[in-house]
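Number of protein chains: 6
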Amino acid sequence: MSLLGFAWDASSSYARGAALAPAVVRGLLFSEASSPYSIDGVDLADAFGDRHFPDLPEDAAEARAIIAATVAAALKAGRRPLSIGGDHSVTYPILSALKAAHGPVNVLHVDAHPDLYEELGGDRWSHACPFARALDDGCIANLVQVGIRSATPEQRARSAAAGGAMLGADECDRVPWERLQGAVYVSIDLDGLDPAFAPGVSHPEPGGLSTRELLTLIARVPGEIVGADIVELNPERDIGMLTAGVAVRLVKELAARML
Amino acid sequence: MSLLGFAWDASSSYARGAALAPAVVRGLLFSEASSPYSIDGVDLADAFGDRHFPDLPEDAAEARAIIAATVAAALKAGRRPLSIGGDHSVTYPILSALKAAHGPVNVLHVDAHPDLYEELGGDRWSHACPFARALDDGCIANLVQVGIRSATPEQRARSAAAGGAMLGADECDRVPWERLQGAVYVSIDLDGLDPAFAPGVSHPEPGGLSTRELLTLIARVPGEIVGADIVELNPERDIGMLTAGVAVRLVKELAARML
Amino acid sequence: MSLLGFAWDASSSYARGAALAPAVVRGLLFSEASSPYSIDGVDLADAFGDRHFPDLPEDAAEARAIIAATVAAALKAGRRPLSIGGDHSVTYPILSALKAAHGPVNVLHVDAHPDLYEELGGDRWSHACPFARALDDGCIANLVQVGIRSATPEQRARSAAAGGAMLGADECDRVPWERLQGAVYVSIDLDGLDPAFAPGVSHPEPGGLSTRELLTLIARVPGEIVGADIVELNPERDIGMLTAGVAVRLVKELAARML
Amino acid sequence: MSLLGFAWDASSSYARGAALAPAVVRGLLFSEASSPYSIDGVDLADAFGDRHFPDLPEDAAEARAIIAATVAAALKAGRRPLSIGGDHSVTYPILSALKAAHGPVNVLHVDAHPDLYEELGGDRWSHACPFARALDDGCIANLVQVGIRSATPEQRARSAAAGGAMLGADECDRVPWERLQGAVYVSIDLDGLDPAFAPGVSHPEPGGLSTRELLTLIARVPGEIVGADIVELNPERDIGMLTAGVAVRLVKELAARML
Amino acid sequence: MSLLGFAWDASSSYARGAALAPAVVRGLLFSEASSPYSIDGVDLADAFGDRHFPDLPEDAAEARAIIAATVAAALKAGRRPLSIGGDHSVTYPILSALKAAHGPVNVLHVDAHPDLYEELGGDRWSHACPFARALDDGCIANLVQVGIRSATPEQRARSAAAGGAMLGADECDRVPWERLQGAVYVSIDLDGLDPAFAPGVSHPEPGGLSTRELLTLIARVPGEIVGADIVELNPERDIGMLTAGVAVRLVKELAARML
Amino acid sequence: MSLLGFAWDASSSYARGAALAPAVVRGLLFSEASSPYSIDGVDLADAFGDRHFPDLPEDAAEARAIIAATVAAALKAGRRPLSIGGDHSVTYPILSALKAAHGPVNVLHVDAHPDLYEELGGDRWSHACPFARALDDGCIANLVQVGIRSATPEQRARSAAAGGAMLGADECDRVPWERLQGAVYVSIDLDGLDPAFAPGVSHPEPGGLSTRELLTLIARVPGEIVGADIVELNPERDIGMLTAGVAVRLVKELAARML
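Have a look at this one:
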């Protein structure tokens, strides 16, 4: 496994700040405040030796290229990419690199928003669009979205056209797990959680998952997790590093599944 | 539907501040940070065209008269009142106006407190008394209270005498829905939620509902929601507009049921 | 005097949120938590009777046109505009309207940033550019900037070319008051204050003015204050309405000078 | 010296919460987080041996009687009272007891508000009235108020009639020290400080003193400090015990002057 | 029942602050903000008459001796000890005193951490070790731990060797209640709760219990609760006294079971 | 100049957390939220190319050795060390390395505490002792301390014995600048600032410097700044990254003096 950090938020539509997350999460992950075990006791002391946190330019296309190349390099070295964003726009270049290596993957996407816009504010690679682009490019075999609570008709239609499953936050027990077998990619936008659990995001949306429901989803994925990302942490809006702590716990639990 | 705002908190027993809520909720509701869809996809872009946020004097009786008149005017125009308080004392004049128009209604009341005191600190129209007054005046056919966790013997007796149902926060699945048919009024004191979800209230009481449980209650009301209020948001004690965001989401979900 | 509110933040470069400010400030200004006197005892009970808080579209040019028209209408009615933003881009259309009515004015601009960019991110009307545009259009006779602590060479050059004075936060006692006689416009970006006093802004920059230093600046303006704005309050990042309270106090002290 | 605690806030006009202060301040004062020295090095290890934190009933007259009796007992034992409030209504019974023992004292009163109302909401002993009552009863020889920034005409007139000095927060260097000789009582409402330094109060008012300005005032009192109080800390609105820490520091610096 | 307070945090491994908790909890418990009823309506007005909050020295062995003696005195007087910590190291001397009086008890321990280290940083009585010491000394018949999410192999082995049950936060419905009959001691580390519900702790660990799940555990204990503690509240990291409010609610619900 | 980061807090006496600071400060320094200019306009775009943030073990002696070696390497390469701590114990190995290269330096030390204990809790290299150790070893020619407000007699004696100057926070205009000529090292403990400006520290002490006073001190140092550190930022107690922002500004202003 490779721990990757993508400090990029210039494709955000409302507020930047997510670019601060990789440094904060990395700092907390390797501090004394953080235990080296997963909840179930997997020893992670040696899990994060391979780390890549590239500098990223303000130009979006260049940044995406670097992100894709960083993931491709990890995959070539036989390592699964576990990425800390950044805004959600980082997921499209990650999925592109995964497709090049693995072919299409099944995706479990946890989020308050479907991120399936054709474009937002004229930007087709906005943080509101990564799954639209990834579907366009054939990166995704099955798209399963959980926690969605602000879908537009356009986005519902795009999910339906792609045969995707779009579930609300109250439907964690209806996830079509049969679609998440084989190679699975997990993409977690922290605003999929309720703001009580994850206040440090740019788009808080009440009525989301609890941290424990999210941990259960990760544990239940029947397939093999070949890559994952945790995105949209905005440390400028966090309270006492609470949301950063959630991100660190997610890194550990995903890592325990990806070792 | 009419969106009403009642900036009134002079009947509060411990701390004022709730009068700030209508302006804050209204501002957030109509901002770019807020999506124009309900969770289930109802388009609310045109839902809030009719708005009335009257100035209210410090005199309580006069304020109640203006509140009742504002609601009566909406009802006369064929619009259902969706009100943003203010402290909970605003609910009694609202229910009075509803009774005048509709006769008694069934009430779903979500709160940490039953608000059934005969009087508090000598005030019979205190924010601790609205349901006592509404029962006295025959405004309520069935009273169903959910989330209660600080009832006094006096209040339990009054509920029992009125044939009401008083449920704790852990009894959301035992709501007697059969009593909430026909014309239903929904009154939500935000301290019915756990302070983790709604810290911005004057009387935080741990052990409350989650936001999702509350959304589910709203969705499950079998009757027709003919009016609703969201009260006791105290923006001076809120954290990063988190509780205001919950109020905005409740406004949308109630509106989606009331269109 | 007219109290105006411009809920606009789509010209922000890093984070939106300032569009929430007019509703929050207005709510607090007219609440029981707010005294109706200026610090020096001017009675403001009747000061804010004329209020205009227009709805603004997402299109920037249209929004600017509405802002300018709102200010022009106030001026035509013989009222001085006291505006609550919104991001700093609202100041250019305000100054345009003032110029049309009064000719060029002298400007006291309090801010951490000079907002004198030719363009930012391709936008010549960004919140980073209003004083560049206003200088271009001849709206400003003398430009005096106080609190500046992140000027680029480009911005320093533009100020110098315009004969402006650019002072740091530690130079409040060196303001060239002789340039601020006659008709004076006061534009206050709340990030001119130190983040200790005004945490609720999108671009906190340590080392700023204290609230009292800012109040003293307002009191000392030798000319006649013919218009003023308070911009860049971001309620989503405020703590306990602290920064909103500062904005309310500034509204009152400016109003006391403008009656 | 006696350390007294008066957990009373039922005379508050807007928000209760100040009754929580004595317990919080006492806890912090005696914790490892707190050094046993004053800023100038006075050893306070043995200063706080005599403590009285009486239970107080909800009835205001009874509560005032207990407060006065507690202070009288301390004075009889030859100890100077250093009191932690509670809302500002506690100061009147304290001054009454001091007058009975000492005759009138000179008072240094630091506050955003003059607290000189004849009555508020029908209550002549409200937290907005203690200095009116104390003047009525002849408890005060000279009244010097500092930090005032929301005086009404009524309150200005009462101060003038009593020959008092009313200074703003920007006038700390104009205190008429000659009036504060002999026996001096210091009454500190924490909202005299700017909310940046003391956010945990019920009536934050921007534009106040810095903590250091307040410490300098205490140090400069030329007379003998025969009693003091620190009031209106509202722990429910504090941030990370910041304001409680200010109160603890004030307790120490006042104690160092009163030993 | 006796209400005890142990202001001790010198055995903490990462951050002190828990010593501030007894004063804060006690203050809030006896304030107007707190209702005198349990959730189910038990009248607690007279429940807390017997209180002991001893001063504790910095020396750990002496502090433990005082804690044990305080508990022993309560037991001798026929009162059950309900203790507010302090860090978790206070639980070992409490259990020692209970053993001396009652023999071994069954323990329900709610926590994110098992606190079963042989030693931490060279300290065998660290707050990470109380249950190891209590097992060593035969104070515990059955040890049932709930909410655990950072156990090391060493701690898992020690629990297993002692025949203990170690459950995660998602296993509240699998508690082996048959082991919690007879005399039961309940020890609640507030970090057993999710940080959303209890942010004011020194070791926040996402993925914990909700407040309601914890209240349900207390209600379901089949045995007789002969003693209880609530530990590791760190008021310096609390938000608006939210976690203190949870502690107060736990005190009430435990007291209602212990009267 | 070299930018160094020392993520070490195991020598802290009350609360750990400072080890999180280097990652957070570095992340913010290189983000879009941060301008690349000093307040006076020095271009820092290329200033921070040389960065060393070594991993540090829990063993204190080993950690100090690595810190000293990291500084020595920078000095050998002709670069001045600008370090981000970490608790204040990191300053002693830094000064040791400087002495080996330069001989004794003059030190400007800004702090609430003198950090001159012979030992604390048995640890002679505690974060409360670095200047005692550095004086013992002859690393310091003149020691000038500013902002001190909790000195013990022991610490005052040690300063006096070393011919040091110990100034309070209200004595910024009495700094003996003549002692700070030649090679000067600047060590900034963020708790030297008032908690209003720097809440994110482990030992907040009211009555400190303002951010601007501190910036002025840095600007006025007459000698050549050959090294500097910024320590004791505790991100777990910060509010909205406010204190981290202060640290970033200090990094820039110190760098502008050290280029």
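Residue numbers (full-length UniProt numbering), protein chains in the order written: chain P, 1 to 259; chain W, 1 to 259; chain B, 1 to 259; chain D, 1 to 259; chain G, 1 to 259; chain X, 1 to 259.
Cβ coordinates follow ideal geometry from the N, Cα and C atoms, glycine included.
8 Å Cβ cutoff met for residue i and residue j
i        : j        : result
W:Thr211 : W:Val175 : no
B:Val90  : B:Val231 : yes
G:Ile39  : W:Gly207 : yes
G:Tyr14  : P:Ala244 : no
X:Trp8   : X:Gly86  : yes
D:Gly41  : D:Lys99  : no
X:Leu28  : X:Pro36  : no
D:Asp111 : D:Gln145 : yes
P:Ala196 : W:Ala196 : yes
X:Ile67  : X:Ile94  : yes
Outcome for residue i when other beta-carbon atoms lying within 10 angstroms are tallied against a minimum of 16
i        : result
G:Asp115 : buried
G:Pro222 : exposed
P:Asp46  : exposed
D:Leu259 : exposed
G:Glu236 : buried
P:Gln181 : exposed
W:Pro104 : buried
G:Ala134 : buried
P:Gly122 : exposed
Supposed contact pair residue j and residue i - C-beta distance, whole angstroms, cut 8 Å
i        : j       : result
B:Leu233 : B:Ala18 : 6 Å
X:Leu75  : X:Ala97 : 7 Å
D:Phe48  : D:Leu3  : 5 Å
Residue(s) in a DSSP beta bridge with residue i
i        : result
X:Asn106 : X:Val184
W:Met166 : W:Gln145
W:Thr15  : According to the sequence provided, residue 15 of chain W is Ala. The question's Thr does not apply to it. D:Ala15, per the DSSP bridge assignment.
X:Pro81  : X:Ser2
B:Gly227 : B:Tyr185
D:Val90  : The partner list for D:Val90 (beta bridge, DSSP) is empty, contrary to what the question assumes.
Among the options, the one whose alpha carbon lies nearest that of residue i
i        : options                                : result
B:Thr70  : B:Ile218, B:Phe6, B:Ala61              : B:Phe6
G:Gly164 : G:Ala132, G:Arg149, G:Gly182           : G:Ala132
P:Asp136 : P:Ile148, P:Ala151, P:Glu119, P:Gln145 : P:Glu119
B:His102 : B:Glu253, B:Ile225, B:Lys252           : B:Ile225
P:Tyr117 : P:Pro36, P:Pro153, P:Leu95             : P:Pro153
D:Pro199 : D:Glu213, D:Ala169, D:Asp238           : D:Asp238
G:Asp229 : G:Arg156, G:Val42, G:Ala255            : G:Ala255
W:Glu253 : W:Ala160, W:Leu242, W:Ala196, W:Leu215 : W:Leu215
X:Gly78  : X:Leu95, X:Leu250, X:Asp50             : X:Asp50
B:Ile218 : B:Ala151, B:Val184, B:His52            : B:Val184
B:Ser150 : B:Pro93, B:Pro54, B:Ser12, B:Pro204    : B:Pro204
G:Leu250 : G:Pro195, G:Asp194, G:Val186           : G:Val186
G:Arg124 : G:Arg80, G:Ile66, G:Ala61              : G:Ala61
G:Val107 : G:Ile140, G:Ser31, G:His113            : G:Ile140
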